[in-house]
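Here the structure comes first, spelled out in structure tokens, and everything after it is commentary.
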Amino acid sequence: MVAAVQHSVLVATPPPASPQLSFRGPSPSPPANLRVEVMELSPISSDESTVGLLSDPLQLAQRKVSEPELKALAKGGRRKLSEFYAQQNELIDSLLRPPDLIEDAEGEERRLMKLKIAVYGSLCANIALFGLQLVAAILSGSLALLATTADSFMDLGSSLVLVYAGRAADSDNPLKYPTGKRRMETAGILVFSIMMGTLSVQLMIEGARTLTGGEHVIDLSSMSIALVGTAIAIKIGLYFYCVTLSQYPSAKILAQDHRNDVFMNSLGITLSILGSKFLWWLDPAGAIVIALLILRSWASTALEHIQYMVGRTATPSFLQRVTYIAMTHDPRVLQVDTCKAYHAGNNFFVEVDIVLPPDMLVCEAHDIAEALQNKLETLANVERAFVHIDYETNHAPEHRKAR
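Structure, rendered in structure tokens:
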């Protein structure tokens, strides 16, 4: 069997089951340093195929390589080839999984409840932690602790933004917002990132002013240390809780906040102690370092979400799955002319052009396209799907403005 990728989605050379199906576009290839050769690999049996499989018109499940053979390849010095076939097995599983399959509906409901707990719990915790760190910074007069307090204030602001964005997204107004308000969360994160950048610059200016102004006295008491230590412990617990829900953008952002806070607060209290006991300039210098780290972290977050707002394309694996769903949606689909998926906020907009027989009735073509649209919109993270019908592919690309 020759390992290959055909029509952007096929992961092994299939038997000629549906020769009329085709997809125009570049085909992905295995790693450049991978030598793919003819090998005697037996396909897995049907009972090893994907759980939840409804149909397999291209017989992809038969092209999966079994686990014993993968291990044999790895032990035989062909580790990269084994990894390649393992990736192809995962791709086949993702292609054959029904788009509307909910493997654990009750589990998903529990995870959504945990997500609410994470968002509202982080909000309540950030209010309390901001108070603790503000008291510690005022009592000690430490600029490093003041920088971590400012970071805590921005965490409080981020929690408020996410809570507001979530509520706004749930309150649909189809007349005022025809495509929904799911992008409110992305816009909120962008605003928050800009605020963090502005605050970081201000902290750097204050730290530089203190460094050039002479010796800076710090009165760091055991109470201040205890307050910051309590804040660090709570942040560690919140981080591990949010990591378990990292498949959701809101929880992922909160986990990033809590992780950064643990590091920032630990660095801040360490430099404050060193500045009060040994070298005074370590405290304002630490404030500048913390501000730089905050600026770097949130500049990266802002860049990522700007790309989401602009419309960055989806990952190749997601495009492959959408293409496969369109190809195998109905036996009357002759070709998949175009397949696009791009970010509209955190979720995707999907555009698919399919080719149907030129003599097909309008009502039949409509039903096929509408069913495909509904199927695509059941995929996770797909906000809207658009299906365009054509009867041939020999035409210039559509929907493009002259540049």
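Note that numbering that gives the first Met the number 0 gives residue 134 to position 135 of the sequence shown, counting from 1, and the numbers run on in steps of one.
Backbone N, C-alpha and C define an ideal beta-carbon position, used for all residues, glycine too.
Since this is a predicted model, take the numbers as computed values, not measurements.
- For Gln334, the pairing in a beta bridge is given by DSSP as Val354.
- In the structure shown, the three-state DSSP call for Lys276 is helix.
- Annotation for Ile91: no beta strand (DSSP E) segment contains it, though the alpha helix (DSSP H) segment containing it runs Arg78 to Leu95.
- For Ile367, the closest C-alpha among the options Glu376, Val381 and Pro330 is that of Pro330.
- Nearest C-alpha to Asn373 among Glu350, Ala225 and Phe129: Glu350.
- For the 8 Å CB-CB criterion, Leu210 and Ala149 do not form a contact.
- Taking a C-beta distance under 8 Å as the contact criterion, Leu244 and Lys113 qualify as a contact pair.
- Under the three-pair Cβ rule at 8 Å, the segment 220-233 counts as touching the segment 127-137.
- Excluding five sequence positions before and after Leu360, none of the CB atoms of its chain fall closer than 6 Å to its own CB.
- Around the beta-carbon of Tyr323, 16 or more other beta-carbon atoms lie within 10 Å, marking it buried.
- Leu219 and Leu131 have their C-alpha atoms some 14 Å from each other.
- Here Glu391 is near Val354, since their CB atoms are less than 8 Å apart.
- Under the three-pair Cβ rule at 8 Å, the segment 253-270 counts as touching the segment 286-295.
- With contact defined as three or more Cβ pairs closer than 8 Å, the segment 172-180 and the segment 248-258 are not in contact.
- Beta-bridge analysis with DSSP links His365 to no other residue.
- DSSP places Ala379 outside both helix and strand once states are collapsed to three, so it counts as coil.
- Gln319 and Leu371 have their C-alpha atoms spaced approximately 15 Å apart.
- Per DSSP, the beta-bridge partners of His342 are Phe347.
- Val160 and Val190 do touch by the CB rule: their CB atoms are close to 7 Å apart, below 8 Å.
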